[in-house]
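**Q** The opening residue of the sequence shown carries number 14 in this note's numbering; numbering runs sequentially from there. Just so it is clear, CB atoms sit at the ideal spot from N, CA and C, and this is done for glycine as well. Values in this document were obtained by computation on a predicted structure and should not be read as measured data.
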Amino acid sequence: MDIIPNFVVFEGADGSGTTTQLELLEGFFHSRHDDKVPRLYRTAEPTSNPIGRLIRQSLRGEIQLDPKTLAYLFAADRNEHLFTPNGIIERCTRGELVVCDRYVLSSLVYQGLTCGEELPATLNAAFPLPALLLYFDIDSELAAKRMEKRPFKDIYEVFEFQMKVRERYQALLPRFVSAGVRVERIDASASATEVAAMVIRLVRRR
Ligand code: TYD
């Protein structure tokens, strides 16, 4: 499996703070006016392109899709994200540091739980992997508490499901290590500032 050298992925259950941390990391990189610090490109899946928007409609419960259809859509969204002009591959090739909020592992975990392991494994088998994967680990009860204040809940934000999500992350991470990805576990129950310091250290050490 190919590894993309400048590609970093954040993963974790809902409420683990990946989005906040990616914003903080971007702020840190953009405040450095140093030629030795690469340009950071922040991105996320589902993307904001048409396939990603369709996925988000389904996650909000606005349209009903078969769980397998969602697995196909996540893979299609990812394919576009990787291979279009200005996509992940092109940016990494020209030396940008691309940091993505969720990637292949999210599909193996979430779609693995909702439509069985086989389909997401097949659909994602050929995608290249990141050089560094930061896994934001958080107790499911604390994550649920953090999400209480959110105005909307998506279809996966149900406590029992999120406990299984955490278990699946832990079970699947060793596969990424075996595939040559540097995997770092981050204790996401720490304060946002403490977590941000850890993230910056790990990304800079890359
Ligand atoms: P999330 O990063 O939580 O978006 P937001 O912060 O805007 O709510 O991602 C949305 C959901 O999508 C999250 O519950 C995980 C899910 N997801 C999958 O089920 N499979 C995937 O392949 C990806 C990328 C995300």
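Beta-carbon within less than 6 Å of L95's beta-carbon, same chain only, minus the 5 sequence neighbours each way: which residues are those?
**A** The count along the sequence shown starts at 1 and reaches residue 95 at position 82. I101 and I102.
**Q** Does DSSP put P141 in a helix, in a strand, or in coil?
**A** For the purposes of this step, residue 141 is identified with residue 128 of the sequence shown, where counting begins at 1. Correct three-state label for P141: coil.
**Q** Apart from the five residues on each side of it in sequence, which residues of its chain come closer than 6 Å, Cβ to Cβ, to R104?
**A** For the purposes of this step, residue 104 is taken as the residue at position 91 of the sequence shown. Closer than 6 Å at the Cβ level, and outside the excluded window around R104, lie Y54 and V111.
**Q** Could you work out which residue in F23, D15 and I16 is closest to S119 when comparing CA atoms only?
**A** One-based indexing of the sequence shown puts residue 119 at position 106. Taking only the C-alpha atoms, the option nearest S119 is F23.
**Q** So within the region 70 to 112, which uninterrupted alpha helix (DSSP H) runs reach at least 4 residues, ignoring any that extend past its ends?
**A** Counting only runs of 4 or more, we get 80 to 96 and 101 to 106.
**Q** If you measure from the CB of P187, is any heavy atom of the ligand TYD nearer than 7 Å?
**A** Translated into positions along the sequence shown, residue 187 becomes position 174. Every heavy atom of the ligand TYD is 7 Å or more from the Cβ of P187, so no.
**Q** If you run the structure through DSSP and keep just helix, strand and coil, what is R198?
**A** Translated into the one-based positions of the sequence shown, residue 198 becomes position 185. Three-state DSSP puts R198 in a strand.
**Q** On the CB-based measure, 16 or more other CB atoms within 10 Å of its CB, does V208 come out buried or exposed?
**A** Residue numbering aside, residue 208 sits at position 195 when the sequence shown is read from its first letter. By the neighbour-count rule (16 or more Cβ atoms within 10 Å), V208 is buried.
**Q** Please go through the same chain and pick out, in chain order, the residues whose beta-carbon is closer than 7 Å to the beta-carbon of Y85, but skip the five residues on each side of it.
**A** Start at 1 with the first residue of the sequence shown, and residue 85 comes out as number 72. Around Y85: L136.
**Q** Is DSSP giving F20 helix, strand or coil here?
**A** One-based indexing of the sequence shown puts residue 20 at position 7. Here F20 sits in strand by DSSP.
**Q** Please report how far the alpha carbon of E173 lies from the alpha carbon of G129, in whole angstroms.
**A** Position 160 of the sequence shown, counting from 1, holds the residue named residue 173. Position 116 of the sequence shown, counting from 1, holds the residue named residue 129. Computed Cα separation, rounded: 17 Å.
**Q** Regarding Y54 and the ligand TYD, is the C-beta to nearest heavy atom distance less than 7 Å?
**A** Along the sequence shown, read from residue 1 onward, the residue named residue 54 stands at position 41. Checking every heavy atom of the ligand TYD against the Cβ of Y54, none is found closer than 7 Å.
**Q** Please tell me whether A26 and I64 are closer than 8 Å, where the distance is taken between their beta carbons.
**A** Mapped onto the sequence shown, residue 26 falls at position 13. Mapped onto the sequence shown, residue 64 falls at position 51. It is not a contact, given that the beta carbons lie outside the stated cut-off.
**Q** Who are the near neighbours of R157 in its chain, counting only those whose CB is closer than 8 Å to its CB and skipping five residues on each side?
**A** Translated into the one-based positions of the sequence shown, residue 157 becomes position 144. As written in the sequence, residue 157 is Ala, which differs from the Arg given in the question. So the qualifying residues of the chain are G28, F172 and Q175.
**Q** Rounded to whole angstroms, how far is the Cβ of Y123 from the Cβ of V196, which I believe are closer than 8 Å?
**A** On the sequence shown, residue 123 is found 110 positions in, with the first residue counted as 1. On the sequence shown, residue 196 is found 183 positions in, with the first residue counted as 1. With a Cβ gap of about 18 Å, Y123 and V196 do not count as contacting.
**Q** Considering only residues of the same chain and omitting the five flanking positions on each side of T31, which have a CB-CB separation below 6 Å?
**A** Mapped onto the sequence shown, residue 31 falls at position 18. So the qualifying residues of the chain are F23, G25, D114 and F149.
**Q** By how many angstroms is the C-alpha of H43 removed from the C-alpha of R52?
**A** Locating residue 52 in the sequence shown gives position 39, counting from the first residue. Locating residue 43 in the sequence shown gives position 30, counting from the first residue. If I take the Cα positions, the gap works out to 8 Å.
**Q** Is F87 near the ligand TYD - that is, is its Cβ less than 7 Å away from at least one heavy atom of it?
**A** Stepping through the sequence shown from its first residue, residue 87 is reached at position 74. Correct: F87 has its Cβ closer than 7 Å to the ligand TYD.
**Q** In this structure, how does DSSP classify R217 when only helix, strand and coil are distinguished?
**A** As a working mapping, residue 217 is identified with position 204 in the sequence shown. Of the three classes helix, strand and coil, the one that applies to R217 here is helix, per DSSP.
**Q** Helix, strand or coil for R179, going by three-state DSSP, please let me know.
**A** Numbered from its first residue, the sequence shown carries residue 179 at position 166. DSSP places R179 in helix when its eight states are reduced to three.
**Q** Between which two residues does the beta strand (DSSP E) containing L53 stretch?
**A** The residue labelled residue 53 in the question sits at position 40 within the sequence shown. Segment L53 to A57, the beta strand (DSSP E) holding L53.
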